[in-house]
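Residue 1 is where the sequence shown starts when you use UniProt numbering, and the numbers rise one by one after that.
Every residue, glycine too, gets a C-beta built ideally from N, C-alpha and C.
Everything numeric in this text was worked out from a predicted model, so none of it was measured.
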Amino acid sequence: MPRIRVETDPTYEVVVGDDVLPECATIIDGYRKAVIVTQIGVAQNYREALGSDRWFISIGEGETAKSMETVGMLGRAFADGGLLRDDLVVAFGGGVVGDTAGLAAALFHRGVALLQIPTTLVAQVDAAIGGKTAVNLPEGKNLIGAFHQPIAVMADTSTLSTLPDREFRSGLGEVVKYGLMPEGRNILDLISARIEAIRARDEVTLTEIVVACATIKAQVVAADPEERLGLRSNLNFGHTLAHALETGGGYSFTHGEAVGVGLVFAMALAVAMHRVDITELENLRSILDGLGLPSQVEGKPDRDNLLAIMRRDKKSRGGLAFVLPSANGLELVEDPPPKALAAAFLAVGA
């Protein structure tokens with residue numbers, strides 16, 4: 001099985017394959033006590049693989065479960081169950097579980113060991129890697145969080161076969177993001193060459209995709225573990241508008257759907273600022289369409305509300321900040337011209 005080393009403190013591995021869950025059980029057995037935070041659907045499908053007699057806690061579904069209320073509930077359950085600082089928290093699920101359980105692990109006893117077992121595509125290629133944990137506020141997504149690196153990320157690609165179609169497609173939004181990064185052009189080639197295999201969830205193809213994306217994420221995280229040097233901001237390509245759409249739309253978009261639209265917005269903004277040619281935007285729309293992802297919003301979201309949410313984005317220093325492409329790669333651009341912003345909004349139907 002491919003093993004990707006993430007050179008942070010502590011160093012850990014991302015393990016990718018279609019039979020990873022038995023190794024997860026071995027890791028868990030090495031701790032005095034472990035609590036597995038999951039959701040009902042994941043537990044129903046895969047509880048036996050980790051051991052049905054273990055300590056499981058289920059949290060709610062969707063982005064609304066990423067809240068301080070859920071973190072508080074987990075903290076109380078950890079205390080009631082006798083979890084100690086040298087024990088283990090296992091995040092067994094998608095991005096919502098990984099973010100929420102991860103933050104609870106970071107805060108409980110000021111830091112308990114965390115094992116990430118991502119079961120969705122978006123979590124396997126992105127969310128579970130890098131130590132970011134966070135929950136949402138009404139004012140914005142991921143506004144309360146902490147960095148807490150896991151002891152390992154165990155990505156079992158066999159779990160992708162049970163995802164609902166919309167959830168699977170959502171993960172492809174993050175895959176496209178990696179493909180648009182300078183170091184990810186091979187991913188775009190892979191998408192173009194095997195788009196039918198991807199849509200059919202061919203395990204060999206999906207394993208290649210997860211490994212390729214996780215390798216890029218590991219390299220970026222190692223260079224800028226806590227996002228202090230600006231290098232890690234490239235991973236937020238498309239995410240400024242994406243997070244605003246999620247928050248402003250009451251999370252009616254999945255994360256990957258919002259990222260797809262956010263990528264189109266960012267690319268259109270770059271076109272309007274003469275940073276890239278319009279063919280880049282046309283190619284992006286074609287890729288998203290082929291994967292069944294939206295490139296525009298439905299209805300007419302309130303631009304002023306979206307702008308207000310984007311000004312609270314973690315990349316912002318008081319204004320608007322977007323990761324945009326250019327001939328030199330991706331760059332953080334602040335306060336783009338109003339006319340360019342208007343053109344980008346029109347490009348996504350907003």
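| Asked | Found |
| --- | --- |
| Do you know whose CA, among I144, V112, V176, S286, lies nearest V122's CA? | V176 |
| Could you check how far apart the C-beta atoms of G238 and G262 are, in whole angstroms? I think they sit under 8 angstroms. | 4 angstroms |
| Looking only at C-alpha atoms, which of E63, I151, A193, Q124 sits nearest to T159? | Q124 |
| Using 10 angstroms around the beta-carbon of S161, count the other beta-carbons present and answer buried if the total reaches 16, otherwise exposed. | exposed |
| Report the three-state DSSP secondary structure of G173 (helix, strand or coil). | helix |
| If you scan the stretch 255-323 from start to end, which runs of the alpha helix (DSSP H) of 4 or more residues do you find wholly inside it? | 255-272, 278-290, 303-310 |
| CB-CB under 6 angstroms to V271, same chain, minus the five flanking residues each way: which ones, in chain order? | I278, L281 |
| Rank G111, N328, E63 by C-alpha distance to the C-alpha of H255 and give the top, closest one. | E63 |
| Could you spell out where the beta strand (DSSP E) holding F147 opens and where it closes? | 140-147 |
| Less than 9 angstroms separating the beta-carbons of V297 and G349? | yes |
| Evaluate K66 with the Cβ neighbour count: other Cβ atoms within 10 Å of its Cβ, from every protein chain shown; 16 or more gives buried, anything less gives exposed. | buried |
| What does DSSP give as the partner residues of M154 in its beta bridges? | V15 |
| Using a Cβ-Cβ cut-off of 6 angstroms (strictly less than) and excluding sequence neighbours within five positions of D313, which residues of its own chain qualify? | T240 |
| Taking just the CA atoms, how far does V42 sit from L21? | 13 angstroms |
| Just list the residues that DSSP pairs G329 with in beta bridges. | S326 |
| Confirm, please, whether the CB-CB distance from H148 to G131 is below 9 angstroms. | yes |
| Y12 and V153 - do their beta-carbons sit closer together than 9 angstroms? | yes |
| Going by DSSP, name the residue or residues bridged to R3. | V15 |
| With a 10 Å radius around its C-beta and 16 neighbouring C-beta atoms as the bar for buried, classify D9 as buried or exposed. | exposed |
| Mapping DSSP to helix, strand and coil, what is residue 425? | Residue coverage of the chain in this structure runs from 1 to 350, which leaves residue 425 outside it and unanswerable. |
| Could you tell me the alpha carbon to alpha carbon distance between L269 and A193, rounded to whole angstroms? | 28 angstroms |
| Going along the chain, which residues of its own chain have a beta-carbon closer than 7 angstroms to the beta-carbon of G329, five neighbours each way excluded? | P182 |
| If we ignore side chains and look at the alpha-carbon of each, how far apart do R232 and I4 end up? | 18 angstroms |
| Do I27 and W55 count as a contact pair if the criterion is CB distance below 9 angstroms? | no |
| Can the beta-carbon of V90 be found closer than 9 angstroms to that of A34? | yes |
| At 4 residues or longer, and completely inside the stretch 53-105: list those alpha helix (DSSP H) runs for me, N to C. | 68-80 |
| Considering just the uninterrupted stretch of the alpha helix (DSSP H) at K132, what are its terminal residues? | No alpha helix (DSSP H) contains K132, which is instead part of the beta strand (DSSP E) from 132-137. |
| Can you tell me the Cβ-Cβ gap for N234 and V220, rounded? I've got them flagged as a contact below 8 angstroms. | 7 angstroms |
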